[in-house]
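Asks: If you're matching them up, the sequences are chains L and F in order. At position 63 of the first sequence (counting the first as 1) the number is 63 in the UniProt record's numbering, and the numbers step up by one without a gap. At position 43 of the second sequence (counting the first as 1) the number is 43 in the UniProt record's numbering, and the numbers step up by one without a gap. A virtual CB, placed ideally from N, CA and C, is assigned to each residue, including glycine. Dumping the structure here so I can ask a few things about it.
There are 2 protein chains.
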Amino acid sequence: MTSEQAQVVPKNLAEPLWGSIGFLLSKAADQVESQFATALGPHGITPREYGILTTIARRGPQSQQQIGSQIGIDRTTMVNLVDSLEESGLVERVRDAKDRRRYALTLSPAAEKLVHKTLPVVDAETHDQYLAPLTAAERDTLVDLIRRLVAHNADNAAR
Amino acid sequence: MTSEQAQVVPKNLAEPLWGSIGFLLSKAADQVESQFATALGPHGITPREYGILTTIARRGPQSQQQIGSQIGIDRTTMVNLVDSLEESGLVERVRDAKDRRRYALTLSPAAEKLVHKTLPVVDAETHDQYLAPLTAAERDTLVDLIRRLVAHNADNAAR
DNA sequence: TATTGTTATACTCTATAACTATA
DNA sequence: TATAGTTATAGAGTATAACAATA
């Protein structure tokens, strides 16, 4: 997989790049995001907005840049996303009293309910569906392997 | 990972979404592509152009749409990519004699050399570096798990 | 009528630079 | 001087519609 091609793959999977870990990761990431976006659609948010909401829920009110840096979104891109969340009535831009340059992004009651009741179910269902072909042990293994890869390559990454 | 958050993760990895397989896959895919793009840069091609070249090399001359469908690139996007490869002298647009609507994209001698001598090395080095934290057995496991996921979700995928 | 490649167009995502208000 | 948020802008990547040549 790393270098050469003489790999035995299922018939319909005998595409040229099916031995490439990069191609596989890219495909898998696209699939998960697509399915997650479809599942989130009825609730009026996108996967990235989900990331913002859950980040606030777990870490408390934070500035836009703090949130963006945790989930890999530029501060200029955060502006539009927070605009959208604010228009949806899910997030409020509250000025940080200690530093009035920044906001303390806060979840609305509707967002609290969404994050703690609805979204965990959507998240679980989507992941269960996507990971269906794997056993519980295999799922744990997969997460462990990818987490180690991402951690190891986090520094070097150009990104 | 599938649903709940009470996961034990390394300190610096205790980000809100580090238990989400979708977030991890997305991060990993970004890292690999970034590193691969950096490695390919000196050779004048991008990861997607690499995909086109290797597809022609393995399956022989094909139409732009045939190639695009195998690596997930729209036919309108293929036009620009092939333009670029043609300007670089790596690919030639030869009319298919049996169906003059389509081309039989062909590798130039320079591309043949690149694909068979240079790129396998670049590919191997990039993957070895990215997969460094995993043992050989773990690498095989990873590819197997992701391949099964991608295959299983290929049909349902909205894309 | 249908299909391949093409062009024009638009939409999303992202990033850079410059501005404002605060520090 | 530096930082958080904002705006304008531009660049990738992608997708839709319409067209010419060919089937």
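Excluding the 5 residues preceding and the 5 following V115 of chain L in the sequence, name in chain order all residues of the same chain whose CB lies nearer than 7 Å to its CB.
Replies: Taking the first residue of the first sequence as position 1, residue 115 of chain L is located at position 115. So the list reads L53, T54, A57, L107, once near-sequence residues are dropped.
Asks: Quick check: is the beta carbon of K113 of chain L nearer than 9 Å to any beta carbon in chain F?
Replies: One-based indexing of the first sequence puts residue 113 of chain L at position 113. Not one chain F Cβ lies under 9 Å of K113 of chain L.
Asks: So which of L:D74, L:G22, L:L149, L:F23 has the shortest CA-CA distance to A132 of chain F?
Replies: Translated into the one-based positions of the second sequence, residue 132 of chain F becomes position 132. The option with the nearest alpha carbon to A132 of chain F is L:L149.
Asks: Using a beta-carbon distance below 9 Å, is L105 of chain L in contact with chain F?
Replies: Counted from its first residue, the first sequence places residue 105 of chain L at position 105. It does not: the Cβ of L105 of chain L has no partner Cβ on chain F nearer than 9 Å.
Asks: On a CA-only basis, which of F:T135, F:A124, F:Q65, F:T118 is nearest L145 of chain L? Give me that one, please.
Replies: For the purposes of this step, residue 145 of chain L is identified with residue 145 of the first sequence, where counting begins at 1. That would be F:T135, whose Cα lies nearest to the Cα of L145 of chain L.
Asks: In this structure, how does DSSP classify A132 of chain L when only helix, strand and coil are distinguished?
Replies: Indexing the first sequence from 1 puts residue 132 of chain L at position 132. It is coil, neither helix nor strand.
Asks: Any idea what DSSP makes of R100 of chain F, helix, strand or coil?
Replies: Along the second sequence, read from residue 1 onward, the residue named residue 100 of chain F stands at position 100. Reduced to three states, the DSSP call for R100 of chain F is coil.
Asks: For S26 of chain F versus A39 of chain L, is the C-beta distance shorter than 9 Å?
Replies: As a first step, residue 26 of chain F is located in the second sequence; it is residue number 26 there, counting from the start. As a first step, residue 39 of chain L is located in the first sequence; it is residue number 39 there, counting from the start. For S26 of chain F and A39 of chain L, no; Cβs fall outside 9 Å.
Asks: With R75 of chain F and Q64 of chain F assumed to form a contact (beta carbons below 8 Å), what rounded beta-carbon distance in angstroms separates them?
Replies: Residue 75 of chain F sits at position 75 when you count from the first residue of the second sequence. Residue 64 of chain F sits at position 64 when you count from the first residue of the second sequence. That pair is a contact at about 6 Å.
Asks: Between which two residues does the beta strand (DSSP E) containing V94 of chain F stretch?
Replies: One-based indexing of the second sequence puts residue 94 of chain F at position 94. Here the beta strand (DSSP E) through V94 of chain F covers 91 to 95.
Asks: Comparing the C-beta of K27 of chain L with each C-beta of chain F, is any distance below 9 Å?
Replies: In the first sequence, counting from the first residue as 1, residue 27 of chain L sits at position 27. So yes, K27 of chain L belongs to the interface.
Asks: Which residues in chain L have a C-beta closer than 7 Å to the C-beta of A132 of chain F? List them in chain order.
Replies: Here residue 132 of chain F refers to the residue found at position 132 of the second sequence. Residues of chain L with a Cβ closer than 7 Å to the Cβ of A132 of chain F are, in chain order, H152.
Asks: When you compare only the Cα positions, how much space is there between A14 of chain L and A124 of chain L?
Replies: In the first sequence, counting from the first residue as 1, residue 14 of chain L sits at position 14. In the first sequence, counting from the first residue as 1, residue 124 of chain L sits at position 124. Confidence in A14 of chain L is poor, its pLDDT being 43 and thus under 50, which makes the residue's placement too unreliable to answer from.
Asks: Given 8 Å as the limit, tell me if L24 of chain F has its C-beta closer than that to any heavy atom belonging to the ligand GTP.
Replies: Summarising the ligand content, the structure contains no ligands, and the ligand GTP is consequently not present.
Asks: Identify every residue that forms a DSSP beta bridge with L105 of chain F.
Replies: Counting from one through the second sequence, the residue named residue 105 of chain F turns up at place 105. L105 of chain F pairs with F:Q62, F:R93.
Asks: In the structure shown, what three-state DSSP assignment does I71 of chain L receive?
Replies: Counting from 1 along the first sequence, the entry for residue 71 of chain L is found at position 71. Note: I71 of chain L maps to helix in three-state DSSP.
Asks: Just to confirm before moving on: does the CB-CB distance between residue 215 of chain F and G44 of chain F stay below 9 Å?
Replies: The question about residue 215 of chain F has no answer, for chain F in this structure spans 1 to 159.
Asks: So with CB distances below 9 Å, who are the chain L contacts of I146 of chain F?
Replies: Indexing the second sequence from 1 puts residue 146 of chain F at position 146. Simply I21, L24, L25, K27, A28, L142, I146.
Asks: Quick check on DSSP: helix, strand or coil for I56 of chain F?
Replies: Position 56 of the second sequence, counted from the first residue, corresponds to residue 56 of chain F. Of the three classes helix, strand and coil, the one that applies to I56 of chain F here is helix, per DSSP.
Asks: Name the chain L residues that come within less than 9 Å of E33 of chain F, Cβ to Cβ?
Replies: Indexing the second sequence from 1 puts residue 33 of chain F at position 33. In chain order: G22, L25, S26.
Asks: Quick check on this structure: which residue in L:L90, L:D99, L:I21, L:V32 has the alpha carbon closest to the alpha carbon of S20 of chain F?
Replies: If you number the second sequence from 1, residue 20 of chain F lands on position 20. Of the residues L:L90, L:D99, L:I21, L:V32, the one whose Cα lies closest to the Cα of S20 of chain F is L:V32.
Asks: Report the three-state DSSP secondary structure of A154 of chain L (helix, strand or coil).
Replies: Indexing the first sequence from 1 puts residue 154 of chain L at position 154. Reduced to three states, the DSSP call for A154 of chain L is coil.
Asks: Of all the options F:T141, F:K98, F:A110, which has the alpha carbon lying nearest to the alpha carbon of residue 167 of chain F?
Replies: Chain F is shown from 1 up to 159; residue 167 of chain F falls before or after that span and cannot be answered.
Asks: Check whether the Cβ of G51 of chain F lies closer than 9 Å to any Cβ atom in chain L.
Replies: Residue numbering aside, residue 51 of chain F sits at position 51 when the second sequence is read from its first letter. It does: the Cβ of G51 of chain F has a partner Cβ on chain L nearer than 9 Å.
Asks: Could you check which residue in F:V121, F:R101, F:L142 has the C-alpha nearest to that of Y50 of chain F?
Replies: In the second sequence, the residue the question calls residue 50 of chain F occupies position 50. Nearest of F:V121, F:R101, F:L142 to Y50 of chain F, Cα basis: F:V121.
Asks: Residues of chain F with CB closer than 7 Å to the CB of E138 of chain L, please, in chain order.
Replies: Translated into positions along the first sequence, residue 138 of chain L becomes position 138. Residues of chain F passing the Cβ test: L145.
Asks: If we ignore side chains and look at the alpha-carbon of each, how far apart do residue 223 of chain L and R95 of chain F end up?
Replies: Outside the modelled stretch of chain L, which goes from 1 to 159, sits residue 223 of chain L, for which no answer is possible.
Asks: Along the alpha helix (DSSP H) that carries L40 of chain L, what are the first and last residues, could you check?
Replies: Translated into the one-based positions of the first sequence, residue 40 of chain L becomes position 40. 21 to 40 is the extent of the alpha helix (DSSP H) around L40 of chain L.
Asks: Rounded to the nearest angstrom, what separates D140 of chain L and R101 of chain F at their Cα positions?
Replies: Translated into positions along the first sequence, residue 140 of chain L becomes position 140. Translated into positions along the second sequence, residue 101 of chain F becomes position 101. Roughly 50 Å between the two C-alpha positions.
Asks: Use the C-beta contact count for N153 of chain F: other C-beta atoms within 10 angstroms, 16 or more gives buried, fewer gives exposed.
Replies: Walking along the second sequence from the start, residue 153 of chain F turns up at place 153. Per the 10 Å Cβ criterion, buried.
Asks: If we ignore side chains and look at the alpha-carbon of each, how far apart do Y105 of chain F and T77 of chain L end up?
Replies: Position 105 of the second sequence, counting from 1, holds the residue named residue 105 of chain F. Position 77 of the first sequence, counting from 1, holds the residue named residue 77 of chain L. Looking at the sequence shown, residue 105 of chain F is not Tyr but Leu. L105 of chain F and T77 of chain L have their alpha carbons spaced roughly 39 Å apart.
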